[in-house]
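The structure appears right after this line, and notes come after that.
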Amino acid sequence: MPDFFTSIGTLLEGSFLQSGALWALSTIPGFPPIIQTVHILGIAVVMGSVVLLDLRILGLAVPSQKISEMTSRLMPWLWWALASNLISGAFFLFGRPLRYFNNPIFGWKLSFLIPAVLLALFFQLMNKREEGYWESSSKRLWSARAIALLSLFLWIMVAMAGRWIAYAEYIYYPA
Amino acid sequence: MEFLNSPKWIDVENWPISWEIGGTIWFPFLESIHVIAAAFVVGSILMVDLRLIGFAAVKYSISTLSKELVPWTWAAFVVATVTGLGMFITRAASHVVNPAFQWKMVLLALAGVNMAYFHFRVYKNIAQWDNAAPTPTHLKVIGSLSLFLWSGVMLAGRWVGHII
Numbered sequence: 001m002p003d004f005f006t007s008i009g010t011l012l013e014g015s016f017l018q019s020g021a022l023w024a025l026s027t028i029p030g031f032p033p034i035i036q037t038v039h040i041l042g043i044a045v046v047m048g049s050v051v052l053l054d055l056r057i058l059g060l061a062v063p064s065q066k067i068s069e070m071t072s073r074l075m076p077w078l079w080w081a082l083a084s085n086l087i088s089g090a091f092f093l094f095g096r097p098l099r100y101f102n103n104p105i106f107g108w109k110l111s112f113l114i115p116a117v118l119l120a121l122f123f124q125l126m127n128k129r130e131e132g133y134w135e136s137s138s139k140r141l142w143s144a145r146a147i148a149l150l151s152l153f154l155w156i157m158v159a160m161a162g163r164w165i166a167y168a169e170y171i172y173y174p175a
Numbered sequence: 001m002e003f004l005n006s007p008k009w010i011d012v013e014n015w016p017i018s019w020e021i022g023g024t025i026w027f028p029f030l031e032s033i034h035v036i037a038a039a040f041v042v043g044s045i046l047m048v049d050l051r052l053i054g055f056a057a058v059k060y061s062i063s064t065l066s067k068e069l070v071p072w073t074w075a076a077f078v079v080a081t082v083t084g085l086g087m088f089i090t091r092a093a094s095h096v097v098n099p100a101f102q103w104k105m106v107l108l109a110l111a112g113v114n115m116a117y118f119h120f121r122v123y124k125n126i127a128q129w130d131n132a133a134p135t136p137t138h139l140k141v142i143g144s145l146s147l148f149l150w151s152g153v154m155l156a157g158r159w160v161g162h163i164i
């Protein structure tokens with residue numbers, strides 16, 4: 001793990017953010033599974049927005065919906081879901097910062113998440129600048145397909161890595 | 001509910017495949033696929049449910065949305081069921097008496113009843129409301145119930161791991 005990354009963990013360890021998160025997680029009845037469910041529901045919205053759009057661009061789903069119309073309608077849902085997941089995830093991150101900032105799988109998760117977010121942002125911005133941008137020529141449509149394929153892979157890997165944070169030892173210390 | 005305490009569930013846990021999954025990297029692998037599939041179940045039905053409520057995608061007819069999205073929901077559901085069964089057999093005896101697991105099964109059944117009611121009873125009169133926006137009250141109820149029940153399935157499912 002990069003040094004600055006682990007130092008974020010050390011910085012958070014013992015801070016008021018940690019005590020606040022631990023207080024919420026241990027005092028409010030059922031808080032951990034409830035917040036985890038909110039986090040998974042956020043992933044469900046990611047699936048129902050950007051992943052569905054990717055499948056549409058690849059010609060696999062919802063053929064009656066137009067790419068440009070879908071993009072402007074669904075992308076706000078993605079950003080709200082990610083904002084919600086940032087908050088729900090923060091409880092666990094702040095609660096046990098070293099578990100995450102020392103965990104290579106968490107590093108993997110971020111290295112899938114950041115390009116996934118940038119790709120989605122880029123896709124949305126081009127569509128906003130020019131309605132139907134991605135459908136206006138076959139060259140652009142093929143670029144859209146390449147982006148969709150990459151985006152699909154990245155979002156699946158974000159969710160996958162998220163779940164594997166708890167199983168880092170299976171990969172790094174195999175039996 | 002005598003069958004829940006049957007020693008047969010222990011036999012299930014002792015199947016060679018149960019040991020193979022429970023003691024290896026197979027478990028987290030199945031679990032992560034399960035989460036992704038479950039998220040896709042909810043993500044794909046979300047647009048249909050929100051359309052039934054009249055909150056989103058109102059420019060599309062209900063029949064088109066449901067025709068194009070529900071098959072994806074089913075496909076993801078099959079993946080979630082297979083991976084879920086794979087995890088279930090590793091601790092069958094504890095799962096069947098786990099209140100979170102029991103709630104999950106009840107909520108899953110109710111979500112199924114809600115869906116069946118929509119497709120076999122309500123859907124007959126589709127011509128009356130296929131393009132409606134706002135939608136009639138009974139559709140709003142079905143859509144809201146679906147979202148509520150699926151979220152409940154998720155919550156109970158996630159809670160299973162906190163009890164066992």
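Chains as they are written, first to last, in full-length UniProt numbering: chain A, 1 to 175; chain B, 1 to 164.
We treat Cβ as the ideally placed atom computed from N, Cα and C, and that holds for glycine.
Could you name the residues of chain A that residue i contacts, counting a contact when the two beta carbons are closer than 8 Å?
i	result
residue 64 of chain B	64
residue 42 of chain B	41, 44, 47 and 48
residue 47 of chain B	48 and 52
residue 146 of chain B	In chain order: nothing, as chain A lies at least about 13 Å away.
Smallest Cα separation from residue i: which of the options?
i	options	result
residue 159 of chain A	A/45, A/95 and A/129	A/45
residue 11 of chain A	A/48, A/81, A/95 and A/33	A/95
residue 8 of chain A	A/98, A/105, A/174 and A/51	A/98
residue 42 of chain A	A/104, A/154, A/167 and A/85	A/85
residue 119 of chain A	A/91, A/170, A/130 and A/143	A/143
residue 55 of chain B	B/151, B/146 and B/140	B/140
residue 30 of chain B	B/95, B/59, B/81 and B/1	B/81
residue 80 of chain A	A/38, A/59 and A/14	A/38
residue 149 of chain A	A/19, A/54 and A/165	A/54
residue 84 of chain B	B/112, B/121 and B/161	B/161
residue 60 of chain A	A/139, A/40 and A/145	A/145
residue 131 of chain A	A/66, A/88, A/111 and A/157	A/66
residue 82 of chain A	A/58, A/57 and A/110	A/110
residue 149 of chain B	B/70, B/11, B/112 and B/61	B/112
residue 153 of chain A	A/3, A/2, A/22 and A/47	A/47
residue 117 of chain A	A/168, A/31 and A/151	A/151
Using a Cβ-Cβ cut-off of 8 Å (strictly less than) and excluding sequence neighbours within five positions of residue i, which residues of its own chain qualify?
i	result
residue 128 of chain A	72
residue 76 of chain B	37, 38, 40, 41 and 44
residue 5 of chain A	101 and 107
Using C-beta distances below 6 Å, list every residue in its chain close to residue i, excluding the 5 sequence neighbours before and after it, in chain order.
i	result
residue 63 of chain B	126 and 130
residue 86 of chain B	21 and 30
residue 97 of chain B	4
residue 88 of chain B	95
residue 164 of chain A	105
With a cut-off of 8 Å on the beta carbons, I'd call residue i and residue j a contact; round off their distance for me.
i	j	result
residue 164 of chain B	residue 90 of chain B	Their Cβ separation, rounded to whole angstroms, is 10 Å, which puts residue 164 of chain B and residue 90 of chain B out of contact at 8 Å.
residue 124 of chain A	residue 75 of chain A	5 Å
residue 93 of chain B	residue 9 of chain B	4 Å
residue 78 of chain A	residue 49 of chain A	4 Å
residue 68 of chain B	residue 64 of chain A	6 Å
residue 144 of chain B	residue 115 of chain B	Not a contact, Cβ separation roughly 13 Å.
residue 172 of chain A	residue 104 of chain A	7 Å
residue 25 of chain B	residue 170 of chain A	5 Å
residue 88 of chain A	residue 147 of chain A	Residue 88 of chain A to residue 147 of chain A, Cβ: 27 Å. No contact.
residue 53 of chain B	residue 135 of chain B	7 Å
Kindly list, in the order they appear in chain A, the residues whose Cβ is closer than 7 Å to that of residue i.
i	result
residue 39 of chain B	40, 43, 44, 47 and 159
residue 159 of chain B	33
residue 94 of chain B	Under the 7 Å cutoff, chain A gives no residues; its nearest Cβ is about 17 Å from residue 94 of chain B.
residue 162 of chain B	32 and 33
Along chain B, in chain order, which residues have C-beta atoms closer than 8 Å to that of residue i?
i	result
residue 61 of chain A	68, 69 and 72
residue 170 of chain A	25 and 28
residue 36 of chain A	158
In chain B, which residues lie with their C-beta within 9 Å of the C-beta of residue i?
i	result
residue 156 of chain A	36
residue 104 of chain A	The contacting residues do not exist; residue 104 of chain A stays about 15 Å from chain B at best.
Given residue i, which residues of its chain have a CB within under 7 Å of its CB, disregarding the five upstream and five downstream residues?
i	result
residue 57 of chain B	47, 50, 51 and 65
residue 159 of chain B	100
What residues from chain A crowd round residue i, counting only those whose CB sits closer than 9 Å?
i	result
residue 15 of chain B	Going along chain A, no residue has its Cβ under 9 Å from residue 15 of chain B, so there is no contact; the nearest lies around 21 Å.
Going along chain B, which residues have a C-beta under 7 Å from residue i?
i	result
residue 167 of chain A	28
residue 164 of chain A	28 and 32
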